[in-house]
Amino acid sequence: MDINKLIQLLRAQKNKETIVSVFIVIIFLVLFYIKPYPFELVDMKIYDLFFHLRGQETPPKSVVIAAIDEASLEKFGRWPWSRDKIAKVIDKLSELEAAVITFDIILSEHEQNDRVLADSISKAGNVILPVVFFFNENAPEELTIISSAFPVLNTQNLKRYHPISSKNVLVCQKILAENAAGFGHINMFPDPDGTIRWEVLFIEYYGYMIPSLSLKTVSMYLGIPPEKQAIDANRGVYLGKRYIPTDPWGRFLIPYYGGNETFKHISIVDILEDKVKKEDIENKIVIVGATAVGIYDLRVTPLSSVLPGVEKHANVVAAIIDGKTLLPASSFLVSLLIFLSGIISILFYKKLKAGYSMIVLMSLLVIVFSISFVFFKNGIWLSIVYISGNLVTQFLTTITIKYAYSEKEARQIKKIFSSYVTEKIVNELIKNPSMAKLGGARREVTVLFSDIRDFTTLSEKLPPEKVVEILNEYFSTMAEIIFKWEGTLDKFMGDAIMVFWGAPLPQNDHPEKALKCAIEMISKLRYLHSKWKAENKPLLKIGIGISTGEVLVGNIGAEGKKMDYTVIGDHVNLACRLEKLNKQFDSEILISEFTYERMKETIDSEYLDSIYVEELGTILVKGKETPVKIFKVSLR
1 MDINKLIQLL RAQKNKETIV SVFIVIIFLV LFYIKPYPFE LVDMKIYDLF FHLRGQETPP
61 KSVVIAAIDE ASLEKFGRWP WSRDKIAKVI DKLSELEAAV ITFDIILSEH EQNDRVLADS
121 ISKAGNVILP VVFFFNENAP EELTIISSAF PVLNTQNLKR YHPISSKNVL VCQKILAENA
181 AGFGHINMFP DPDGTIRWEV LFIEYYGYMI PSLSLKTVSM YLGIPPEKQA IDANRGVYLG
241 KRYIPTDPWG RFLIPYYGGN ETFKHISIVD ILEDKVKKED IENKIVIVGA TAVGIYDLRV
301 TPLSSVLPGV EKHANVVAAI IDGKTLLPAS SFLVSLLIFL SGIISILFYK KLKAGYSMIV
361 LMSLLVIVFS ISFVFFKNGI WLSIVYISGN LVTQFLTTIT IKYAYSEKEA RQIKKIFSSY
421 VTEKIVNELI KNPSMAKLGG ARREVTVLFS DIRDFTTLSE KLPPEKVVEI LNEYFSTMAE
481 IIFKWEGTLD KFMGDAIMVF WGAPLPQNDH PEKALKCAIE MISKLRYLHS KWKAENKPLL
541 KIGIGISTGE VLVGNIGAEG KKMDYTVIGD HVNLACRLEK LNKQFDSEIL ISEFTYERMK
601 ETIDSEYLDS IYVEELGTIL VKGKETPVKI FKVSLR
């Protein structure tokens with residue numbers, strides 16, 4: 001058997017698995033840096049899921065929302081309201097000693113009561129107004145908002161600095177802007193799926209860094225003087241001793257506290273009708289904005305599909321005050337984990353069976369998911385789609401390669417063993433690998449021994465090459481007949497052949513198959529005689545012995561060394577003894593009484609015209625006390 005071919009096949013499989021695993025790792029590293037949308041979409045949804053798993057958190061009480069809600073619209077009419085109404089809201093909030101009054105409302109159109117509102121803004125002295133940047137066209141520089149700009153530190157990093165830039169801005173009416181305490185942009189940049197996950201802390205405008213409304217609100221609330229407000233280029237933002245890390249675009253992931261109404265809502269109606277306690281407003285940040293559905297300032301967030309925009313600002317303000325940050329893990333860390341997941345795949349998947357590999361895969365996915373969630377709760381978003389995708393792809397690819405090589409190995413086994421057993425038996429061995437284990441089982445089989453008479457004398461008279469030529473033709477012909485009758489060709493022993501039926505596949509008619517095989521072997525040999533006469537070759541004569549009974553059948557030998565699937569027992573010895581007695585009785589086929597009894601009726605009914613069966617008496621087999629009857633089978 002060419003076992004080396006199987007060894008080479010297994011080595012080729014392992015080498016290919018390793019090469020493919022490395023290639024898959026490289027693919028996922030490239031994908032991580034390219035960030036194709038399908039992968040990013042899955043990543044975003046996992047990110048959103050983490051918020052739901054984490055649940056709602058308690059926000060600081062220092063942030064409240066003055067809500068233009070349905071009750072306010074019902075009381076004061078549809079939006080927009082007159083400026084004097086808004087002025088009264090500022091006056092009331094000032095009376096209640098709000099620390100900062102932040103508007104999430106663009107008052108860009110002229111109205112006759114602008115002066116009234118401007119006076120209220122000026123009197124309050126702590127009103128922050130919003131601006132909106134546009135990115136489709138340029139417009140003249142608006143100098144009013146420059147006073148709120150943050151300076152930039154570490155300008156040597158500006159080549160790697162990628163802030164979002166604009167040269168077109170929409171501000172409130174000039175008279176209102178001139179009296180405001182500061183400005184901040186309210187631009188929101190949804191991800192491709194429409195969800196707001198990022199806060200852009202500043203936008204570059206004609207070389208000036210204009211903060212977001214939330215960032216400006218916190219800087220005023222904390223009383224941070226302008227000289228202690230700065231942007232650390234490419235890294236983050238300083239608010240005094242506070243540091244807010246950002247990505248190269250000046251963004252950070254919003255660590256949402258919860259969904260709708262996580263923050264305290266106070267209706268504008270209650271504020272104007274003096275139904276609000278001073279303790280609800282005093283020393284707090286009050287963000288004035290719309291929550292009524294009819295005003296359509298609704299946003300999609302990880303925790304809500306209809307979150308009012310003002311609540312998004314409240315979440316960012318609260319997060320900065322609490323020192324909560326959420327940033328993506330470094331590219332180096334994710335790349336390292338992708339690489340390590342490939343190493344783990346190489347170590348485990350290719351060594352384990354599919355079932356165990358699946359258990360390892362599921363365990364690794366749970367571990368990766370759990371680690372990412374722990375990171376998430378500690379302010380780091382560890383993207384797992386590329387790591388998990390690598391693990392899953394490694395698993396599927398390894399299993400596919402193993403399956404393909406198993407098929408190839410099965411074909412190789414068929415090729416190697418087809419010279420020894422029938423195709424049925426090969427298929428049975430492939431389906432049931434346990435048959436290749438050491439040990440055996442007792443089973444009733446029929447054993448056939450065939451031997452060439454006077455072979456030694458013949459081989460001495462002929463050159464070795466001639467002997468081999470005749471034997472090859474003889475053995476090839478006999479093997480075809482054996483396989484035709486579904487016998488297991490145990491072995492060639494010099495000039496002898498050992499065959500058995502009934503194992504490894506059960507065969508209820510194994511005595512009949514053995515006898516039919518013997519008859520055809522004799523018949524075919526007679527045909528060869530006429531052929532060899534014409535070729536002036538010597539004629540071979542054979543004797544066949546057959547016996548049926550219980551034997552030990554199995555794979556016997558030294559595991560990992562030499563193993564043979566064979567049979568051992570008294571009936572094996574008996575068949576061998578019968579084959580040798582052919583010369584004594586001048587017969588060609590001898591069968592034991594055990595074989596004869598198993599197929600007596602078949603012989604009487606089907607073979608009377610083609611064979612003649614004669615009882616020869618009894619013989620005493622070595623090692624047995626009871627004599628055994630033997631029968632001579634002759635072709636008519």
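Heads up: the sequence shown at position 546 corresponds to 546 in the UniProt record's numbering, and the numbers run straight through without jumps.
We put the CB at the ideal spot given by N, CA and C, even for glycine.
**Report entry** Integer Cβ distance of Pro-511 from Arg-598, believed to fall under 8 Å
**Finding:** Here residue 511 is taken as the residue at index 511 of the sequence shown, counted from 1. Here residue 598 is taken as the residue at index 598 of the sequence shown, counted from 1. Going by Cβ atoms, the distance from Pro-511 to Arg-598 rounds to 4 Å, so yes, they are a contact pair.
Query raised in the report: Mind checking Ile-112: buried by the 16 CB within 10 Å criterion, or exposed?
Result: Walking along the sequence shown from the start, residue 112 turns up at place 112. With the sequence shown as reference, residue 112 is identified as Gln, and Ile is not the correct amino acid for it. So Gln-112 ends up on the exposed side.
**Report entry** Span of the beta strand (DSSP E) around Ser-108
**Finding:** By one-based count along the sequence shown, residue 108 stands at place 108. No beta strand (DSSP E) contains Ser-108, which DSSP labels as neither H nor E.
**Report entry** Start-end ranges of the alpha helix (DSSP H) lying completely within the UniProt domain "Guanylate cyclase" (446-579), minimum 4 residues
**Finding:** 455-461, 464-484 and 510-534
**Report entry** Euclidean distance between Cα positions of Lys-632 and Leu-515
**Finding:** The residue you call residue 632 lines up with position 632 of the sequence shown. The residue you call residue 515 lines up with position 515 of the sequence shown. When rounded, the distance between both Cα atoms is 12 Å.
Query - Segment limits, beta strand (DSSP E) that includes Pro-245 - result: As a first step, residue 245 is located in the sequence shown; it is residue number 245 there, counting from the start. First-last of the beta strand (DSSP E) with Pro-245: 242-245.
Query raised in the report: Looking at the structure shown, is Tyr-612 part of a helix, part of a strand, or coil, going by DSSP?
Result: Numbered from its first residue, the sequence shown carries residue 612 at position 612. The answer is strand: DSSP assigns Tyr-612 an E or B state.
**Report entry** Helix, strand or coil at Glu-178 according to DSSP, with G and I counted as helix
**Finding:** Mapped onto the sequence shown, residue 178 falls at position 178. In the structure shown, Glu-178 sits in coil (DSSP, three-state: anything other than H, G, I, E or B).
Query raised in the report: Can you name the residues that DSSP bridges to Val-22?
Result: Here residue 22 is taken as the residue at index 22 of the sequence shown, counted from 1. DSSP, once it has assigned bridges, lists no residue as partnering Val-22.
Report task. Within 10 angstroms of the Cβ of Arg-636, are there 16 or more other Cβ atoms? Answer buried if so, exposed if not. Result -> Here residue 636 refers to the residue found at position 636 of the sequence shown. When all chains shown are included, Arg-636 counts as exposed.
Query - With 16 other Cβ atoms within 10 Å as the buried cut-off, status of Ile-367 - result: Taking the sequence shown and counting its residues from 1, one reaches residue 367 at position 367. By the neighbour-count rule (16 or more Cβ atoms within 10 Å), Ile-367 is not buried but exposed.
Query raised in the report: Taking all protein chains shown into account, do 16 or more other C-beta atoms lie within 10 angstroms of the C-beta of Glu-282, making it buried, or fewer, making it exposed?
Result: As a position in the sequence shown, residue 282 is number 282, starting the count at 1. The residue in question, Glu-282, is exposed, as its Cβ has fewer than 16 Cβ neighbours within 10 Å.
Query - Alpha-carbon spacing of Thr-301 relative to Leu-307, whole angstroms - result: In the sequence shown, residue 301 corresponds to position 301, counting from 1. In the sequence shown, residue 307 corresponds to position 307, counting from 1. For Thr-301 and Leu-307, the distance between alpha carbons rounds to 7 Å.
Requested in this report: Answer yes or no: do Leu-170 and Phe-134 have a C-beta to C-beta separation smaller than 8 Å?
Outcome: What you label residue 170 is simply residue 170 of the sequence shown in a count that begins at 1. What you label residue 134 is simply residue 134 of the sequence shown in a count that begins at 1. Yes, the pair counts as a contact, with Cβ atoms nearer than the cut-off.
Query raised in the report: Which residues bound the alpha helix (DSSP H) around Gly-309?
Result: By 1-based counting over the sequence shown, the position of residue 309 is 309. Element bounds for Gly-309: 309-322.
Query raised in the report: Beta carbon of Val-551, beta carbon of His-529: below 8 Å?
Result: Within the sequence shown, numbered from 1, the residue matching residue 551 stands at position 551. Within the sequence shown, numbered from 1, the residue matching residue 529 stands at position 529. No, Cβ-Cβ distance for Val-551 and His-529 is not below 8 Å.
Requested in this report: Could you tell me if Glu-579 is buried or exposed, where buried requires 16 or more neighbouring beta carbons within 10 angstroms of its beta carbon?
Outcome: Numbered from 1 along the sequence shown, position 579 holds the residue referred to as residue 579. So Glu-579 counts as buried.
Query raised in the report: Between the C-alpha atoms of Leu-361 and Phe-376, what's the straight-line distance to the nearest angstrom?
Result: Reading the sequence shown from its first residue, position 361 is the one you call residue 361. Reading the sequence shown from its first residue, position 376 is the one you call residue 376. Roughly 22 Å separates the two Cα atoms.
Query - Straight-line gap, Gly-182 to Thr-217 (C-alpha atoms, nearest Å) - result: Translated into positions along the sequence shown, residue 182 becomes position 182. Translated into positions along the sequence shown, residue 217 becomes position 217. The alpha-carbon atoms of Gly-182 and Thr-217 are separated by roughly 8 Å.
Requested in this report: For Arg-251, I'd like the list of residues in its chain whose CB is within less than 6 Å of its CB, leaving aside the five on either flank, ordered along the chain.
Outcome: Position 251 of the sequence shown, counting from 1, holds the residue named residue 251. Closer than 6 Å at Cβ, skipping near neighbours: Trp-198 and Val-200.
Query - Meets three-Cβ-pair contact criterion under 8 Å: the region 380-393 and the region 34-49 - result: yes
Query raised in the report: Based on Cα-Cα distance, which residue from Pro-538, Ser-547 and Asp-451 lies nearest to Pro-463?
Result: Along the sequence shown, read from residue 1 onward, the residue named residue 463 stands at position 463. Nearest C-alpha to Pro-463 among Pro-538, Ser-547 and Asp-451: Pro-538.
Query raised in the report: With Val-276 and Ile-266 assumed to form a contact (beta carbons below 8 Å), what rounded beta-carbon distance in angstroms separates them?
Result: Taking the first residue of the sequence shown as position 1, residue 276 is located at position 276. Taking the first residue of the sequence shown as position 1, residue 266 is located at position 266. About 6 Å separates the two Cβ atoms, so the contact holds.
Query - Separation of Lys-312 from Tyr-47, as counted between CA atoms - result: Against the sequence shown, residue 47 aligns to sequence position 47. Against the sequence shown, residue 312 aligns to sequence position 312. In a straight line, the C-alpha of Tyr-47 is about 17 Å away from that of Lys-312.
**Report entry** Inter-residue CB distance, Ile-481 and Leu-540 (contact presumed, cutoff 8 Å)
**Finding:** Sequence index remark: in the sequence shown, residue 481 carries index 481 (1-based). Sequence index remark: in the sequence shown, residue 540 carries index 540 (1-based). Actually they do not touch by this definition, with Cβ atoms about 15 Å apart.
Requested in this report: Could you tell me which residues DSSP puts in a beta bridge with His-265?
Outcome: The residue given as residue 265 occupies position 265 in the sequence shown. Beta-bridge pairing links His-265 to Ile-65.
Requested in this report: Could you check which residue in Ile-519, Glu-469, Phe-483 and Ala-503 has the C-alpha nearest to that of residue 723?
Outcome: Given that the chain is displayed from residue 1 to residue 636, the structure contains no residue 723 and the question cannot be resolved.
Query raised in the report: CA-CA distance, Glu-204 and Gly-236?
Result: Position 204 of the sequence shown, counted from the start, is the residue given in the question as residue 204. Position 236 of the sequence shown, counted from the start, is the residue given in the question as residue 236. Here the alpha carbon of Glu-204 sits roughly 14 Å from the alpha carbon of Gly-236.
Query raised in the report: Does the distance from the CB of Gly-258 to the CB of Val-22 come in under 8 Å?
Result: Position 258 of the sequence shown, counting from 1, holds the residue named residue 258. Position 22 of the sequence shown, counting from 1, holds the residue named residue 22. It is not a contact, given that the beta carbons lie outside the stated cut-off.
Query - Cβ-Cβ distance between Ala-479 and Gly-554 below 8 Å - result: Counting from one through the sequence shown, the residue named residue 479 turns up at place 479. Counting from one through the sequence shown, the residue named residue 554 turns up at place 554. Not a contact, by the Cβ cut-off of 8 Å.
Query raised in the report: How long is the line joining the alpha carbons of Gly-294 and Asp-270, rounded to whole angstroms?
Result: As a working note, residue 294 is residue 294 in the sequence shown. As a working note, residue 270 is residue 270 in the sequence shown. When rounded, the distance between both Cα atoms is 20 Å.
Query raised in the report: For the beta strand (DSSP E) that contains Ser-592, what are its first and last residues?
Result: One-based indexing of the sequence shown puts residue 592 at position 592. Its beta strand (DSSP E) spans residues 589-592.
**Report entry** Alpha carbon of Ile-7 to alpha carbon of Gly-55, nearest angstrom
**Finding:** Taking the sequence shown and counting its residues from 1, one reaches residue 7 at position 7. Taking the sequence shown and counting its residues from 1, one reaches residue 55 at position 55. The pLDDT assigned to Ile-7 is 41, lower than 50, so where the model puts this residue is not dependable, and the model offers no usable value.
**Report entry** Straight-line Cα distance separating Asn-126 from Lys-228
**Finding:** Start at 1 with the first residue of the sequence shown, and residue 228 comes out as number 228. Start at 1 with the first residue of the sequence shown, and residue 126 comes out as number 126. Spanning the two alpha carbons is a distance of roughly 19 Å.
Query raised in the report: What number of angstroms, rounded off, separates the C-alpha of Thr-618 from the C-alpha of Pro-627?
Result: Taking the sequence shown and counting its residues from 1, one reaches residue 618 at position 618. Taking the sequence shown and counting its residues from 1, one reaches residue 627 at position 627. Each residue's Cα considered, the two are about 6 Å apart.
Query - Assigned exposure category for Phe-594 - 16 Cβ within 10 Å defines buried - result: Locating residue 594 in the sequence shown gives position 594, where the first residue counts as 1. When all chains shown are included, Phe-594 counts as buried.
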